[in-house]
Structure formats: C-alpha cells, structure tokens
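Going by the numbering used here, the sequence shown opens with residue 91, and the numbers climb by one from there.
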Amino acid sequence: MSPSSAVLDPDELKAYSFRVWNYKKGEMVSLMIHLGDRLGIYRAMDGAGPLTSAELASRTSLQERWLREWMRGQAAAELLDYYPASGAHPASGAHPAGDEKDGRFELSAYGAAVLADEDDSLAFASGAFTGGTPPEIADKLADAFRTGVGLSYEEMGPNAAHRTERMLGTWIRLALVPQIIPALDGIHEKLSAGAVVADVGCGSGLALIAMGGAYPNSTFVGYDPNSHGIQRGREHVAERGLTNVEFNVAGGESLPEEPRFDFLLTFDCIHDMPHPSEVIKSIRKAILPDGTWLIKDIRSKPRFEDNLGHPMLAMLYGFSVSACMSSALSEPDGAGLGTLGFNPEVAERMVREAGFTRFLEHDFNDPANLYYEVRP
Numbered sequence: 091m092s093p094s095s096a097v098l099d100p101d102e103l104k105a106y107s108f109r110v111w112n113y114k115k116g117e118m119v120s121l122m123i124h125l126g127d128r129l130g131i132y133r134a135m136d137g138a139g140p141l142t143s144a145e146l147a148s149r150t151s152l153q154e155r156w157l158r159e160w161m162r163g164q165a166a167a168e169l170l171d172y173y174p175a176s177g178a179h180p181a182s183g184a185h186p187a188g189d190e191k192d193g194r195f196e197l198s199a200y201g202a203a204v205l206a207d208e209d210d211s212l213a214f215a216s217g218a219f220t221g222g223t224p225p226e227i228a229d230k231l232a233d234a235f236r237t238g239v240g241l242s243y244e245e246m247g248p249n250a251a252h253r254t255e256r257m258l259g260t261w262i263r264l265a266l267v268p269q270i271i272p273a274l275d276g277i278h279e280k281l282s283a284g285a286v287v288a289d290v291g292c293g294s295g296l297a298l299i300a301m302g303g304a305y306p307n308s309t310f311v312g313y314d315p316n317s318h319g320i321q322r323g324r325e326h327v328a329e330r331g332l333t334n335v336e337f338n339v340a341g342g343e344s345l346p347e348e349p350r351f352d353f354l355l356t357f358d359c360i361h362d363m364p365h366p367s368e369v370i371k372s373i374r375k376a377i378l379p380d381g382t383w384l385i386k387d388i389r390s391k392p393r394f395e396d397n398l399g400h401p402m403l404a405m406l407y408g409f410s411v412s413a414c415m416s417s418a419l420s421e422p423d424g425a426g427l428g429t430l431g432f433n434p435e436v437a438e439r440m441v442r443e444a445g446f447t448r449f450l451e452h453d454f455n456d457p458a459n460l461y462y463e464v465r466p
C-alpha cells in the first residue's frame, strides 16, 4: 500500500478503476466480435430476424450452448437486440414464441452493415478484430521498448497481412475505382487507354487487383517487402485470372531509377516505413513528368494537443505501438513516424523536399484518412 493511498478520494479511485476495467471489457468484447466474424455468426443472423440460440445453432451448425453464451455477451455489449420470451418485437408488437429460458436475439440492420456486410457496406468493421495480439508478438514488443528496434511486418507474420487485408479491403472494393479515381485529374482516362501503375507498400495487392480488373489495358506492379502479403496477392491474382498485375517482394527504394510510371499509389503505408524520405525520393525518380502520385494516409494533425479530440485516438496509438511505429523503427536508424506521424504538414514538406511541386489535398468524406494528389 502506497503512503498516499490513504488520502485518495474513494469515488475518484472507483471511477479510475472502472475506466481501466472498461478497457478489459473491450478486450473481451473484441474477441467475441472476432469469433462472430470468423465463424460466420453475424452473416447467419443478417436478415434472419429474432433467433433463439437453438435456431442459430441450426443455421450455423455450431453448438447451441456456446452460441447462447456468445449471444448473451453480444446483447450485454449492445451489439445484438434482445427480446425476452415474454417480450414484444418493437417493430411489430408481436410476442415471438421463444425459448422460455433464453428469449431471442436479433442483429439489426445497422449491426449488419457494420458486422456482416463485407461486400457492400463501407461501414463494415468486424474484419478489423483479430482475436488479440499473439503472446510471442507481445514479447517482441516488450523487447522493442528495451532495444528501440521494432518488428517489421514480415516479422509480424501472415496474420498481420490477413488483418491488414480485412481492414482495408472493403474500402478498396467499394470506393477506389468508383469514387476516388474519377476525382483525380485525367487518371481514369489514362488507365482506360493504358497506363503503367505502381502500388508501393501494396500489401496483398487488393488495390492493384481492383484496378487490374477495371482497367485491362493498363499494367500494374506492386512493391512490398512483406512476403506474406505478396504471397496472398499472387494467390488472389491467380484466382481471378488477371494477367496485367505482378508483384515484387521489395520496398519502395527498389523502384526503377528512371521515369516509368503514369500513376503511383501509397495507401496507409508511408508512416510505416523505416526510411520514408528515401522512398519518396525513389517515387520522384520513377514517376513520369506528367504522372500522378496518390497518397492515402491517416487523418491527423501536427500537434498531439490538436488530436486529443479524436474519439479513437487511444486506439490509433495502440495501432502505432503494436504495428505502425514498430515497423517504422524496425531498422536501427528508422524514422519512426508511426500511425499519426504523416500529417498534412509533414507530408507536404517531405514531398516538396523530394522535388514534387504540386500537392493537392482531397476531401472524400473519409473520417479516418486524408488523400493527397501529388505531381512533379
């Protein structure tokens, strides 16, 4: 017991303790969301109306007792609506004839958009829940605090590549080709006619695959040092039979020394790079004189104080320590920008220092990201 504990206000102590335990609650609910996504439970509940655990077991071929506990936890988290066996469904006023011991649970239309509809909803989020940090990765992160050297995405393993793909995939499928590209000056026309495109930090290549299918006259090349993501990208390309998409297990420093590309992309990755300035210089060398570079990166402001109103700020710093900054410090002399480090002020300074002269910020009504159209 510390000497000062006797003078602590008990109500404030209780409130602080509750705040800490609330994060533990979030950890447990996050695992339940991961299981609901992984096992297809949300998809089975989508549009099904109120279900008992026995009915859901029949729809999913999962065990009723496990589903009952999961459904109760999801209702406690206010992610499922719950109707006691004697209660009424609010939309109809009817009393569902339910399981007397458990009542019924329903995934609302809003819940389905966020938790079930990966194909058509930009609000889809359950793919971001991966079941927690593996103990061996947590051990390596603890070591990084002592050594200063973080983990690369290659060291984080195939699960990290899969997590990134699930987190970004819906936006790429639903927004990149129909919304983003048409807003860029002349890019749709170039891609339709036949352009050479590079995605630097391409991950598993979802952006290249989306564009490769939409623009068959163009050639698309992906660069990423993470072999796990590149392997997934090659598998996706083979599944779709695309012949205009290729991948390189290489960082942005490996771009051609001479101008080659009409269009370059860096999506959510400059802040992850140990040597972002060198990559940006490589992009400047590899872009054609009339080329375009599209940057998508995390929405942030230059000063910590200015970001404090962000409702997800603590989560973003968690992402940074566990992934983004860790990658950016995975080499002893890494820049260490981290999740919030590539703000507009830093971005414009770095691209202009590399020799780019035009820097245009776009507003695509994306609450999480900023977009920059950069030209030589």
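Every residue gets a Cβ at the ideal spot worked out from N, C-alpha and C, and that includes glycine. Predicted, not measured: the structure shown is a model, and the values here were computed from it.
From the options, residue whose alpha carbon lies closest to that of residue i
i: A297; options: L103, L266, P272; result: L266
i: S390; options: P225, P379, Y407, W156; result: Y407
i: L125; options: F195, S216, T254; result: S216
i: N455; options: R236, K375, A273; result: A273
i: L460; options: F394, K386, M415, G399; result: K386
i: A304; options: G323, G293, T333, I320; result: T333
i: D380; options: V464, G247, D453; result: V464
i: I131; options: Y113, K114, W160; result: W160
i: A213; options: D233, I262, S317, G341; result: I262
i: S420; options: N316, L146, M135; result: N316
i: T254; options: D101, D233, F357, A167; result: F357
i: Y200; options: E245, G137, T223; result: G137
i: L197; options: S176, E168, A218; result: E168
i: G424; options: P364, P434, L430, E443; result: P364
i: A300; options: E145, V327, L146; result: V327
i: D453; options: R442, N307, K280, Q269; result: Q269
i: H318; options: A218, G116, P457, E245; result: E245
i: F235; options: S412, L427, T447, K114; result: S412
i: T429; options: C359, P401, D275, R393; result: C359
i: G295; options: L141, T220, I320; result: I320
i: K230; options: Y243, M440, A218; result: Y243
i: D275; options: R158, L450, R162; result: L450
i: G116; options: L258, L205, F219; result: F219
i: E347; options: P224, R374, E102; result: R374
i: A206; options: M135, L103, R350; result: M135
i: T309; options: G193, R330, S282, G293; result: S282
i: R322; options: A288, L354, G247, I271; result: G247
i: S176; options: G193, Q164, D101; result: G193
i: D209; options: P466, E279, G331, R256; result: R256
i: Y173; options: A202, V436, S143, A232; result: S143
i: R439; options: K104, Y462, N112, G399; result: Y462
i: L345; options: W111, G291, S148; result: G291
i: L427; options: D362, T237, I271, G302; result: D362
i: L403; options: P457, W383, F446; result: P457
Opening and closing residue of the beta strand (DSSP E) in which residue i lies
i: N459; result: 459-465
i: R194; result: 194-196
Residues bridged to residue i (per DSSP)
i: N338; result: Y313
i: D387; result: L460
i: F353; result: V287, T382
i: Y132; result: Bridge partners of Y132: none, in fact.
i: Y499; result: There is no way to answer for residue 499, as the model of the chain reaches only from 91 to 466.
i: L141; result: F195
Delimiting residues of the alpha helix (DSSP H) encompassing residue i
i: P225; result: 225-237
i: P248; result: 248-261
i: F108; result: 100-128
i: L157; result: 154-166
Rounded Cβ spacing between residue i and residue j (contact assumed at less than 8 Å)
i: F432; j: I377; result: Going by Cβ atoms, the distance from F432 to I377 rounds to 19 Å, so no, they are not a contact pair.
i: S417; j: G240; result: 6 Å
i: E395; j: E368; result: In fact, because the Cβ distance is near 31 Å, the residues do not count as touching under 8 Å.
i: F195; j: L141; result: 6 Å
i: V286; j: D352; result: 6 Å
Residue i CB to nearest heavy atom of the ligand GDP below 6 Å
i: A234; result: Inclusion of the ligand GDP in the displayed structure is not the case, the ligand content being empty and no account of it being possible.
Beta strand (DSSP E) runs contained entirely in the stretch 269-326, provided each spans 3 or more residues: You should have 286-290, 309-314.
What residue ranges within the stretch 430-455 form continuous beta strand (DSSP E) runs of no fewer than 3 residues, ordered along the chain? Restricted to the stretch 430-455, the beta strand (DSSP E) segments that are unbroken, complete and at least 3 residues in length are 448-452, listed in chain order.
Output the residue ranges of the alpha helix (DSSP H) runs that lie fully inside the stretch 367-424 and measure 4 residues or longer, sorted by chain position. DSSP runs (the alpha helix (DSSP H)) wholly in the stretch 367-424: 394-397, 403-409, 415-418.
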